[in-house]
């Protein structure tokens, strides 16, 4: 029996979103997404490029907060924009709200003209989602985060991408949404969100209760895979020895 | 040889009410804060501010200077949300708000720098950016693809403020940290005569190449009208490698911003005198 924590299960689930991506920029916003990208590169997806979150691509398996960087490239913000408009990137962002088609909001809660809560603004979400593969990590799935309609569409979902012509349809992909409860994808005929796997100990009732729209629920939903022994070793000994992952996502 | 040295207050004295001012840096990184503090000391009002925003935006909002705000985000980096900016948005005290995708902001500055009316992109299409700014227009590719693209309008600036690590007195300047951000575009987008560059240290021209490689020398004197020597001028944002962000001070700022009494005390302590007074108060903590 594995002793993997919720944080470790989520990191491995985020890492899995990069499977098959090859030699592109694997970009993770926040501790768990960043660890997911680094874990994927350190194990099953060695061609990925990962950054220090500042301006450098690092060739070594840099721990969270680590400064001993083996720099393999320069990626200032302008080069990030170039890489993302060029499509050579897959980002895992957060979401304050998300809907059934994967429309995401990080800008504000409430009416945009006079928000109840002003958050970051749309940041790079519109450009990310229209140009390359995007996934999301949400550490606190509730029915106020998984909503019928997001307040400000920052990252665009499948319904909006479908109206933007052939180029966008060919390049837009919301690959997966990883939360503290489950993993979701959009592999349904009309790209509604689907339960792809439930984390150990989580039931369908749990995820339905934490969602305001109707999830597509296959007849047989697998359990999210546990990290392998090697993944746990890399995570615990190399990438995150101070266990920032468990601070961000304490076990329920 | 033109000696372009001046003070922050002399730079700000060239501005008028209602002008559009671009502020370089990124979030809480290498912001021209001594120039922003000079703006706070001035009587200027009804400004349009264009920024990858941090405390520059927060401070100007708190001081009631901003009529129109154009941004891709506003964040203090290590503190995700900017408290004054949040309060201003939530209280509806910024009359006009233009919220762009980060790349759209770059494109608007670049279009202005190249004297083009717009630059096309896909970034922003389909998102609520286009709903919230109904003045945005699309353009159809004239080629066989016929694709509809977003036409980001040129962000022409009346003035620009940037802060670089080193400069000579004619305005040749270099960044020594990991990222130039978009400082060259802010200067390029601004009207000739009001492109202001503050710097940690003014050095003889021949010293620039001793400090870093040719690749650090992205700003040449044709892009700059005024050079302000401002040691610690980016405080409390970072200015790598000269100094890191003053996290302790930033936290003091963010905590004070949440409470009117505490904010008044903060202003009394740090923001009611000259730049020299500010630096003295910071050092005295």
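Residue numbers (my numbering), protein chains in the order written: chain D, 1 to 252; chain X, 1001 to 1285. Glycine included, C-beta positions come from ideal geometry on N, C-alpha and C.
Inset, instruction - Taking all protein chains shown into account, decide if residue 1092(X) is buried (16 or more other Cβ within 10 angstroms of its Cβ) or exposed. - result: Here residue 1092(X) refers to the residue found at position 92 of the second chain. Classification for residue 1092(X): exposed.
Inset, instruction - Establish whether the CB of residue 1156(X) and some CB of chain D are separated by less than 8 Å. - result: Within the second chain, the letter at position 156 stands for residue 1156(X). So no, residue 1156(X) is outside the interface.
Inset, instruction - Would you kindly work out how many angstroms separate the C-alpha atoms of residue 1129(X) and residue 233(D), rounded to a whole number? - result: Here residue 1129(X) refers to the residue found at position 129 when the second chain is read from its first residue. Here residue 233(D) refers to the residue found at position 233 when the first chain is read from its first residue. Straight-line Cα distance between these residues: approximately 43 Å.
Legend entry - Buried versus exposed call for residue 157(D) [16 or more other C-beta atoms within 10 Å across all chains shown]: Mapped onto the first chain, residue 157(D) falls at position 157. For residue 157(D), the number of other beta carbons within 10 angstroms of its own is at least 16, and it is reported as buried.
Inset, instruction - Determine the direct distance from the alpha carbon of residue 44(D) to that of residue 1(D), and round the result to whole angstroms. - result: Residue mapping note: residue 1(D) aligns to position 1 of the first chain, counting from 1. Residue mapping note: residue 44(D) aligns to position 44 of the first chain, counting from 1. Residue confidence is low: residue 1(D) scores 48 on pLDDT, short of 50, so the model does not pin down where it sits. No coordinate-derived value is stated.
Inset, instruction - State the DSSP-derived secondary structure class of residue 1093(X), mapped to helix, strand or coil. - result: Reading the second chain from its first residue, position 93 is the one you call residue 1093(X). Coil.
Legend entry - Collapsed DSSP secondary structure at residue 132(D) in the structure displayed: Looking up residue 132(D) in the first chain gives position 132. Residue 132(D) falls in the coil class under three-state DSSP.
Legend entry - Candidates 1118(X), 1182(X), 1162(X) and 1168(X), of which the one nearest residue 1152(X) by Cα: Taking the second chain and counting its residues from 1, the one referred to as residue 1152(X) is at position 152. When only C-alpha atoms are compared, the closest one is 1118(X).
Inset, instruction - Report yes or no: do the segment 1063-1083 of chain X and the segment 112-120 of chain D share at least 3 C-beta pairs separated by less than 8 Å? - result: yes
Legend entry - For residue 1111(X), the residue or residues it bridges with in DSSP: Looking up residue 1111(X) in the second chain gives position 111. In DSSP, residue 1111(X) forms no bridge with anything.
Inset, instruction - Can you pull the chain X residues whose beta carbon is under 8 Å from the beta carbon of residue 131(D), in chain order? - result: As a working mapping, residue 131(D) is identified with position 131 in the first chain. 1122 and 1123, listed in chain order.
Legend entry - Contacting positions in the segment 79-113 of chain D - beta carbon closer than 8 Å to chain X: 81, 84, 85, 107, 108, 112 and 113
Inset, instruction - In the DSSP assignment, find the alpha helix (DSSP H) that holds residue 1007(X) and state where it starts and stops. - result: Indexing the second chain from 1 puts residue 1007(X) at position 7. Careful: residue 1007(X) lies outside any alpha helix (DSSP H) and carries neither H nor E.
Legend entry - Neighbour list for residue 117(D) in chain X, Cβ cutoff strictly below 8 Å: Residue numbering aside, residue 117(D) sits at position 117 when the first chain is read from its first letter. Here the neighbours are 1086 and 1090.
Legend entry - 4-residue-minimum alpha helix (DSSP H) runs that sit fully inside the segment 1108-1180 of chain X, ordered along the chain: 1128-1132
Inset, instruction - Could you spell out the range, first to last residue, of the beta strand (DSSP E) harbouring residue 72(D)? - result: Mapped onto the first chain, residue 72(D) falls at position 72. Here the beta strand (DSSP E) through residue 72(D) covers 71-74.
Legend entry - Environment of residue 1020(X) [buried if 16+ CB atoms lie within 10 Å]: In the second chain, residue 1020(X) corresponds to position 20, counting from 1. Classification of residue 1020(X): buried, given that the 10 Å Cβ count is 16 or more.
Inset, instruction - Would you mind sorting residue 1215(X) into buried or exposed? The rule is 16 or more other CB atoms within 10 Å of its CB. - result: Taking the first residue of the second chain as 1, we reach residue 1215(X) at position 215. By the 10 Å Cβ count, residue 1215(X) comes out exposed.
Legend entry - Against chain X: residues of the segment 153-172 of chain D by CB proximity under 8 Å: 153, 154, 155, 156, 160, 161, 163, 164, 165, 167 and 168
Legend entry - chain X contact for residue 56(D) (CB, 8 Å cutoff): Reading the first chain from its first residue, position 56 is the one you call residue 56(D). Yes, because at least one Cβ of chain X sits closer than 8 Å to the Cβ of residue 56(D).
Legend entry - Where residue 1(D) falls: helix, strand or coil (DSSP): In the first chain, residue 1(D) corresponds to position 1, counting from 1. Model confidence at residue 1(D) stands at a pLDDT of 48, short of 50, so the residue's coordinates are unreliable; what they give is reported in the following sentence. Correct three-state label for residue 1(D): coil.
Legend entry - Residue closest to residue 1178(X), alpha-carbon to alpha-carbon, out of 1188(X), 1164(X), 1209(X) and 1169(X): Your numbering for residue 1178(X) matches position 178 in the second chain. The option with the nearest alpha carbon to residue 1178(X) is 1164(X).
Inset, instruction - Find the residues of chain X that neighbour residue 62(D), judging by a C-beta separation of less than 7 Å, and give them in chain order. - result: Position 62 of the first chain, counted from the start, is the residue given in the question as residue 62(D). One finds nothing in chain X with a Cβ atom closer than 7 Å to the Cβ of residue 62(D); even the nearest lies about 15 Å away.
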